[in-house]
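Undergrad: Questions regarding the structure given below will be posed in turn.
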Amino acid sequence: MSNTVDKCKYLSLQTFPDERGKLCFIQNDNRFVNFEIRRMYYLFDVPYGAQRAAHAHKRLHQIFFALSGSYTLSLSDGNSTTSFRMDKPDRPLYVPPGLWRTVSEFTSGAVCLVLANELYDAEDYIHDYSEFLTYRGTL
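In terms of the UniProt record's numbering, the sequence shown opens at residue 1 and continues consecutively.
Here it is as structure tokens:
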């Protein structure tokens with residue numbers, strides 16, 4: 001597995017501000033993402049202190065957004081862990097497959113939106129951290 005946490009990167013959305021507010025958009029035209037967006041889901045009303053995710057994906061590419069409020073996205077490749085504070089709706093984070101992720105430290109009213117390149121597939125998930133380390137070859 002060659003993906004490491006340093007392959008994660010913030011993406012820059014073009015923002016169109018005026019006196020009515022700001023507009024950002026995403027199109028499935030390869031200028032923003034290099035994969036077809038096949039699924040979108042979001043987390044909201046996450047209770048204080050709760051943690052989400054705690055798994056890895058074998059094939060799934062994702063882009064995480066903080067549409068409102070903020071949260072922390074922690075990513076591990078089995079050797080190193082990096083945490084990203086997600087707090088800007090026009091600054092999403094690309095996450096390649098093969099990384100362990102946890103989502104935590106949600107502020108009140110936070111909304112985490114995720115775009116993904118595949119439909120839901122239970123076989124794509126690794127839910128046990130020891131299995132993840134074996135999958136990565138770091139155990």
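In this text, a Cβ means the ideal position worked out from N, Cα and C, and glycines have one as well.
Quantities reported herein were computed from a predicted structural model and do not represent experimental measurements.
1) Which class does Asp-18 belong to by DSSP, given the choice of helix, strand or coil?
2) Does DSSP put Tyr-135 in a helix, a strand or coil?
3) Restricting to Cα atoms, I'd like to know which of His-55, Thr-138, Met-86, Asn-79 is closest to Arg-101.
4) On the CB-based measure, 16 or more other CB atoms within 10 Å of its CB, does Glu-123 come out buried or exposed?
5) May I ask you to verify whether the stretch 18 to 38 touches the stretch 72 to 87, counting CB pairs closer than 8 Å and requiring at least 3?
6) With H, G and I counted as helix, E and B as strand and the rest as coil, what does DSSP make of Lys-9?
7) Let's see if you can read the secondary structure: which residues bound the beta strand (DSSP E) around His-127?
8) Residues in its own chain within less than 7 Å of Phe-64 by CB, not counting five upstream and five downstream?
TA: Let me spell this out:
1) strand
2) helix
3) His-55
4) exposed
5) no
6) strand
7) Bounds of any beta strand (DSSP E) do not take in His-127, whose DSSP letter is neither H nor E.
8) Leu-73, Met-86, Pro-92, Leu-93, Val-95, Cys-112, Val-114, listed in sequence order.
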